[in-house]
Amino acid sequence: MNKLDLVKALGMKAELTKSEARKVVDLFFDEMSNALANGDRIEIRGLFSFYVKHYKAYTGSNPKTGEQIEAK
Numbered sequence: 242m243n244k245l246d247l248v249k250a251l252g253m254k255a256e257l258t259k260s261e262a263r264k265v266v267d268l269f270f271d272e273m274s275n276a277l278a279n280g281d282r283i284e285i286r287g288l289f290s291f292y293v294k295h296y297k298a299y300t301g302s303n304p305k306t307g308e309q310i311e312a313k
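Per my numbering, residue 242 is the first one in the sequence shown, and the count goes up by one each step.
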C-alpha cells in the first residue's frame, strides 16, 4: 500500500472526499515526521514503532563504485 492507496481507502471507509482524506494522511505523516525530528519515539502497539537511532561516523564504500565515503 502506498500513500495514494491509503488516501483512497480512508476516503471510502470514512466517507471523506479525496481532498479531505489527503489532508488527514498528510497531517498524520507530518506529525510523525515532526515527532521523529524532535527525538520522540512513535509507537502504535501491535503494528509498529519508529525512532531515530544515531550512529558514530564511519568510513564505508559505495557498493557500485567501490569509492570510500565518510558516513556521518
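Each residue gets a CB set at the ideal place from its N, CA and C atoms; glycine is no exception. Model, not experiment: these values are computed from the prediction.
- Per DSSP, the continuous beta strand (DSSP E) segment holding Glu311 begins and ends at Gln309 to Ala312.
- When secondary structure is reduced to three states using DSSP, Gly280 falls in the coil class, being assigned neither helix nor strand.
- Minimum Cα-Cα distance from Lys297 among the listed residues Arg263, Ala276, Lys313 and Phe270 corresponds to Lys313.
- For Gly301, the enclosing beta strand (DSSP E) begins and ends at Tyr299 to Ser302.
- Cα atoms of Tyr299 and Ile310: separation of roughly 8 Å, rounded to the nearest angstrom.
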